[in-house]
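Residue numbers (my numbering): 24 to 194. Working notes, structure below.
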Amino acid sequence: MEYLCKIKSPVGILTVSSDGEAVLGLWIEGQKYFAHTLGKNAVEQNLPIFERARTWLDCYFSGKKPDFTPPLMPKGSPFQKSIWNILCNIPYGQTASYGEIAKQYETQNRGKHTSPRAAGSAVGHNQISIIIPCHRVVGADGSLTGYAGGIDKKIQLLQLEGISVVDCAIR
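Dropping the structure here:
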């Protein structure tokens with residue numbers, strides 16, 4: 024069974040999905056690929072996992088680095104999951120480029136090659152926005168490249184973490 028709840032946030036309404044044990048998805052209303060892995064029979068219900076996600080989000084949106092992560096279980100290929108794990112290791116208040124993510128993947132997978140573009144595709148299909156911090160990924164030159172939730176939301180999230188976006192070009 025899959026469950027969902029809606030949470031108000033400074034970047035809009037968030038839809039969170041769960042199997043009752045872990046967060047399966049977290050989407051910003053209107054984002055690209057919105058709820059694309061959410062089951063058609065998902066039921067809205069208040070569960071402890073949603074309270075943990077809400078507590079994490081409340082801490083994050085108050086401008087603090089949360090000291091815990093709710094259990095996460097995104098649905099995806101082994102390659103995508105590997106990239107999403109790399110995203111989870113980008114420190115709060117810092118960014119990484121698609122090229123850096125691709126190199127990290129290669130290091131973790133004994134030289135198995137991937138391109139920044141392939142890494143970018145996996146980043147773009149991240150279904151647990153904000154908690155898996157795909158908003159921290161930038162172009163090789165520091166430019167603010169695409170974000171499924173919209174560049175305006177990416178800027179808002181980066182600024183919340185204290186990252187200056189004044190000098191970044193938007194592409």
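All C-beta atoms in this analysis are idealised placements derived from N, C-alpha and C, irrespective of residue type, glycine included. All of these numbers come straight from a predicted model, not from anything done at the bench.
Between the stretch 118-133 and the stretch 69-87, can you find at least three pairs of beta-carbon atoms closer than 8 Å?
These segments do not touch.
Take the Cβ of Phe73 as the centre, count every other Cβ of all protein chains shown within 10 Å, and call the residue buried at 16 or more, exposed below.
Looking at its Cβ environment, which holds 16 or more other Cβ atoms inside 10 Å, Phe73 is buried.
Report all residues from its chain with a CB closer than 7 Å to the CB of Ala65; omit the five preceding and five following residues, and keep chain order.
The answer, listed in chain order, is Glu25, Tyr26, Leu27 and Ser40.
Of all the options Gly172, Ala119, Ser187 and Ile186, which has the alpha carbon lying nearest to the alpha carbon of Gly233?
Only positions 24 to 194 of the chain appear in the structure, and residue 233 is not among them; the question remains open.
Could you tell me the boundaries of the alpha helix (DSSP H) in which Ile124 lies?
Its alpha helix (DSSP H) spans residues Tyr121 to Gln131.
By alpha-carbon positions, which one of Gly169, Ser138, Val46 and Ile51 ends up nearest to Ser32?
The option with the nearest alpha carbon to Ser32 is Ile51.
Using beta-carbon positions only, say whether Trp107 and Gly116 come within less than 8 Å of one another.
No, these two residues do not count as a Cβ contact at 8 Å.
Using a 10 Å radius around the Cβ and a threshold of 16 neighbouring Cβ atoms, would you call Gln103 buried or exposed?
Buried, since its Cβ has 16 or more Cβ neighbours within 10 Å.
According to DSSP, simplified to helix, strand and coil, what is Leu183?
Three-state DSSP puts Leu183 in a helix.
Do Leu49 and Ile113 have their CB atoms nearer than 8 Å?
No, they are not a contact pair.
Ends of the beta strand (DSSP E) at Cys28?
Tyr26 to Ser32 is the extent of the beta strand (DSSP E) around Cys28.
Output yes or no for whether 8 Å exceeds the beta carbon distance between Val161 and Ser105.
Against a cut-off of 8 Å, the Cβ pair of Ser105 and Val161 comes out as no contact.
What ranges does the alpha helix (DSSP H) occupy inside the stretch 83-168, keeping only unbroken runs of at least 4 residues that lie completely in it?
As far as the stretch 83-168 is concerned, its whole alpha helix (DSSP H) runs of at least 4 residues are 101-111, 121-131 and 139-147.
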